[in-house]
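The block underneath contains the structure these notes are about, expressed in structure tokens.
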Amino acid sequence: MAIESHVADISHVIQLAVAPVFLLTAIATIINAENTRLGRIVDRQRVLLDKLAGLGEAEAEAGHAELRILGRRITFIYFSILCAVVSALLVCLVVAGAFIGAMFDLELAQGVVALFVAAMVALVASLSLFLREVFFAVRVAMQRMN
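Whatever position you read off the sequence shown (first residue = 1), add 173 for the working numbering.
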């Protein structure tokens with residue numbers, strides 16, 4: 174009887190773990206998009222660094238200004254990726270905590286809730302930084318067009 178109850182508890186935990194696993198998939202997709210964006214920024218930075226050697230003084234100053242902008246964008250994306258990874262790790266701990274609590278009959282609900290809230294805070298920070306980088310890039314592009 175106890176084993177059947179334990180199996181039922183584990184089955185219930187598996188059902189509860191499905192939502193966080195989908196959340197992990199979403200976070201991984203966000204990290205992938207951020208990584209792609211970071212790669213493009215770094216590629217632009219490399220091209221610009223290669224061009225700087227052959228530019229005149231005025232063009233070189235404009236190039237250095239763009240390098241500073243790219244540096245800020247890299248910083249935003251880097252910290253966005255960092256927050257997304259922290260969020261994913263915290264979600265993993267939520268799933269692990271749920272299983273450990275069920276396996277060893279421990280009351281970990283408050284800890285699991287705290288980890289989930291922390292994961293959401295980290296995800297909000299990641300998305301906010303990502304949006305900040307996008308707004309920054311668009312603003313710079315609009316300024317160049319004017």
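Where a beta carbon is used, it is the ideal one built from N, C-alpha and C, also for glycine.
* To do: Count the other C-beta atoms from every protein chain shown that fall within 10 angstroms of the C-beta of Ser260, then say buried if there are 16 or more, exposed otherwise.
  => buried
* **Beta-carbon separation (whole angstroms), Ile247 vs Val215, contact threshold 8 Å** => 7 Å
* **Touch test, the region 191 to 211 against the region 295 to 307, Cβ-Cβ under 8 Å, three pairs minimum** => yes
* Asked: Would you say Val191 and Phe272 are within 9 Å of each other, going by their C-beta atoms?
  -> no
* To do: Would you tell me roughly how many angstroms separate the C-alpha atoms of Val307 and Leu263, rounded to the nearest one?
  => 26 Å
* Pairwise C-alpha distance: Gly274 and Glu280 -> 6 Å
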